Amino acid sequence: MTTAGTNTHGVEVDGPLLPGYGQTSLADLSDSVLASLGVPGARNPLGLASVPRVCLLVVDGLGWDLLRGHPSAAPFLWGLTETGCWLTAGFPATTVTSLGSLGTARPPGQHGLLGYQVRVPDTGRLLNALRWDNAVDPVGWQPVATIFERAAAAGVTAIRVAAGAFRQSGLSIAAMRGADYHAADTPGALVASAGAALGAERRALVMVYAGDLDATGHARGCSSPAWRFQLGHVDRLAEQLAGALPAGTILYVTADHGMVDVPAELRADADAVPELRQGVALLGGEGRARHVYALPGATDDVLAAWRSVLGDRAWIASRAEAIEAGWFGLVDDRCAARIGDVIVAARGRSAVVATIAEPRESALVGMHGSLTPAEQRVPLLSYVA
Ligand SMILES: [Zn+2]
């Protein structure tokens, strides 16, 4: 059945929601936070108030649309949405890229953390940026100074509070080096560590990361009871954190991306449809945001084949078209070769899985990465202690 605003695949007729780079993206939040702390060279596009201490809580997978849809499950955070607003995550709407944007205050095209899996031009292999690869130097891969390095240079104490497992990850070094790392593996430990860190400093930037909501959404779906219950835990975490901050501290709550649940009938399988592998050297990205790397000379054929197979289930662009359309922000020459020859951004609730190459990822219920509002819009909430 076709309803207003949708077609027969259940996808919205509207175009992609392009990230508001330079104004209202996650990179602009970090830029504004630095400016609010008096760090030289930072712009303040969001007009954040000048403060001595900022606590930035990043809730993985907490999309604005999801939060607004759950007033009773998250009364504290939902209340803050009344005075809050949404920002755009950036493309792809995925943790690797968004932590890069938050960590550097630059758009993806500048920091070069361009997705979950991207091709390393020197090796021709895919880099899974969550697992990383010892052959890739994280600082060489992402040389832009981080917000923590810039804060520390300006006399602002820079601290990250997150699970101990992420302390030495390649992504941590690439996107977030320069902070003192306070390992905290439970919600209670996150609150206590952040509160203690801020209480001990006159000027400080503390970033707290909570990852369980995203994990729950991937495994069970963001429309599941499990996700809703987990949101309740996130709400309690945020409320406790607000209560643990010393006076004169501002708490910002944001997220790296939202999420959509992908039904079986809207999953195209690149490992079962030969046309999606024809002329393809490497398939990168993830289900809802693909970097397709073509064999030499095959880009036009790959572009045509993917458009033919997927039709209106995805926005499909060549590298040049995606760059021109501003999907990645201004793209540094250093980073351009990491982008797929063909970029595929899923529409509606569809995805391109790869059941043989990516059995674990292909089994996920909730996914993210694309340019739909459900994925792009993330909250910016504030609470003054
Ligand atoms: Zn995720």
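Just so it is clear: in the sequence shown, position 130 is 152 by my numbering, and no numbers are missing.
Ideal Cβ placement from N, Cα and C applies to all residues, glycine included.
Since the model is a prediction, treat every value here as computed from it, not as a measurement.
- Item | HIS133 (DSSP reduced to helix, strand or coil) | Looking at HIS133 - three-state DSSP - the assignment turns out to be helix.
- Message: So if I measure from each beta-carbon to every heavy atom of ligand 1 and keep distances below 6 angstroms, which residues remain?
- Response: Listed along the chain, these residues meet the criterion: GLY83, THR117, ASP236, HIS240 and HIS390.
- Query: So which of GLY319, GLU287 and MET389 has the shortest CA-CA distance to ARG312?
  - Reply: Minimum Cα distance to ARG312 is reached at MET389.
- Task: Within 10 angstroms of the Cβ of CYS244, are there 16 or more other Cβ atoms? Answer buried if so, exposed if not.
- Result: Its Cβ being crowded by 16 or more others within 10 Å, CYS244 is buried.
- Would you kindly work out how many angstroms separate the C-alpha atoms of ASN66 and TYR43, rounded to a whole number? Pairing ASN66 with TYR43, the inter-Cα distance amounts to about 13 angstroms.
- Query: Between GLU397 and SER54, what straight-line distance do the alpha-carbon atoms span, to the nearest angstrom?
  - Reply: Approximately 22 angstroms between the Cα atoms of the pair.
- Query: Are LEU48 and ALA111 closer than 8 angstroms when you measure CB to CB?
  - Reply: Contact flag set, yes.
- Message: Which residues does DSSP list as the beta-bridge partners of GLN139?
- Response: ASN150.
- Spatially closest choice to LEU227 from ASP36, TYR405 and SER52, by CA coordinates: The residue from ASP36, TYR405 and SER52 with its alpha-carbon nearest to that of LEU227 is SER52.
- Query: Looking only at its own chain, which residues have a Cβ that is under 7 angstroms from the Cβ of ILE195, when we skip the five neighbours before and after it?
  - Reply: Cβ within range, chain order: PRO160 and VAL161.
- Unbroken beta strand (DSSP E) run spanning PRO401, endpoints: Here the beta strand (DSSP E) through PRO401 covers 399 to 406.
- Item | Straight-line gap, LEU263 to GLY217 (C-alpha atoms, nearest Å) | The straight-line gap from Cα to Cα measures roughly 7 angstroms.
- Find out if the Cβ-Cβ distance for the pair ILE338, LEU136 is shorter than 8 angstroms. With a cutoff of 8 angstroms on beta-carbon distance, ILE338 and LEU136 are scored as not near each other.
- Message: If I follow the unbroken alpha helix (DSSP H) through VAL353, where does it start and stop?
- Response: VAL353 -> no alpha helix (DSSP H), and no H or E assigned at all.
- Query: Straight-line CA distance for GLY254 to ALA173?
  - Reply: Spanning the alpha carbons of GLY254 and ALA173 requires a straight line of approximately 33 angstroms.
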